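In our numbering, the protein residues as written are 1200 to 1279.
In structure tokens:
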């Protein structure tokens, strides 16, 4: 005889953790969007726009901040 066991499936993380993860993903996505562009249609013409502060400073900072937020979301206690 087999006993039927009804087990409720639990998520690995809590709702708070998933919200923090979503915020981290948004930071990473915005960082990559800021990094895009700045190219030139003509390969013989150099475009100085590739070296603006947005692509050199802001975008990598947002991506690294997003990764730090993701690490925090994984390590945060879901029961708090």
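Glycine included, each C-beta is placed from N, C-alpha and C at the ideal position. What you are looking at is a predicted structure, and each value in this text was computed from that prediction instead of being measured.
1. So, using beta-carbon positions, are residue 1219 and residue 1271 closer together than 8 Å?
2. Can you give the Cα-Cα distance for residue 1278 and residue 1268, rounded to whole angstroms?
3. From the DSSP output, in three-state form, read off residue 1216 for me.
4. State the CB to CB distance for the pair residue 1237 and residue 1215, rounded to an integer number of angstroms; the pair is presumed to be in contact (CB under 8 Å).
5. Reducing DSSP to helix, strand and coil, say where residue 1263 ends up.
6. May I have the straight-line CA-CA distance separating residue 1262 from residue 1212, to the nearest angstrom?
7. Would you tell me roughly how many angstroms separate the C-alpha atoms of residue 1234 and residue 1258, rounded to the nearest one?
8. Give me the Cα-Cα distance between residue 1273 and residue 1241, rounded to the nearest whole angstrom.
Here's the rundown:
1. For residue 1219 and residue 1271, yes; Cβs fall inside 8 Å.
2. CA-CA distance, residue 1278 to residue 1268, rounds to 18 Å.
3. Of the three classes helix, strand and coil, the one that applies to residue 1216 here is helix, per DSSP.
4. Rounded to whole angstroms, the Cβ separation of residue 1237 and residue 1215 is 37 Å, and the two are not in contact under 8 Å.
5. Residue 1263 falls in the helix class under three-state DSSP.
6. Each residue's alpha carbon lies about 23 Å from the other.
7. Between the alpha carbons of residue 1234 and residue 1258 lies a distance of about 6 Å.
8. Note on geometry: alpha-carbon atoms of residue 1273 and residue 1241 lie some 45 Å from one another.
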